[in-house]
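Here the numbering used here = 1-based position in the sequence shown + 184. We treat Cβ as the ideally placed atom computed from N, Cα and C, and that holds for glycine. Below is one structure, written out as structure tokens; comments come after it.
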Amino acid sequence: MNTRQHTARAVSLTQLKRTLDARLREVAARKHEKLVVVRGRIPMAVILDVESYQALLDELYDLRLENLAHDRLAGFEPGQAIRHEDLVESFSDR
185 MNTRQHTARA VSLTQLKRTL DARLREVAAR KHEKLVVVRG RIPMAVILDV ESYQALLDEL
245 YDLRLENLAH DRLAGFEPGQ AIRHEDLVES FSDR
């Protein structure tokens, strides 16, 4: 587990236009966990480094799978279940 303290930084859209290269380098170097782009004090976008973005996608995927499994288990009827051995046998007959 990475124990570095990450911080979020807000930057105005105007400032970002002037310093885009430097800000992207900061995010890529993980000096900031994320860069929040604001326009008139309203958050407009968030810039993440690739690793953080991928971790976010992975977590979202895992949560969707968990939700799907939960939904399927809610409708599970033990009497309609097929034994693993019977399923394997049905495919080996082909």
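Considering only DSSP beta bridges, list what residue i is partnered with.
i: L219; result: R193 and I231
i: I226; result: R223
Whose C-alpha, out of the options, is nearest the C-alpha of residue i?
i: R202; options: V221, V272 and E217; result: V221
i: S196; options: M228, E269, G263 and E261; result: M228
i: L219; options: G263, I266, A192 and L257; result: A192
i: V234; options: A212, L252, Y245 and E250; result: A212
Taking 8 Å as the line, does the beta carbon of residue i fall inside it for any heavy atom of the ligand ZN?
i: L241; result: With respect to the ligand ZN, the structure offers nothing, as it holds no ligand at all.
Helix, strand or coil, according to DSSP, for residue i in the structure here?
i: M185; result: The predicted position of M185 is uncertain, since its pLDDT is 36 and thus under 50; no value can be drawn from it.
i: E273; result: helix
i: R207; result: helix
i: R267; result: coil
i: A213; result: coil
Below 8 Å on the Cβ atoms is my contact criterion, and I expect residue i with residue j to pass it. Report the Cβ-Cβ distance as a whole number of Å.
i: L200; j: R209; result: No, L200 and R209 are not in contact; Cβ-Cβ is about 13 Å, not under 8 Å.
i: E250; j: S236; result: Not really, about 21 Å apart at Cβ, beyond 8 Å.
Requested in this report: Enumerate, from N- to C-terminal direction, the unbroken alpha helix (DSSP H) stretches of 4 or more residues contained entirely within the stretch 237-265.
Outcome: none
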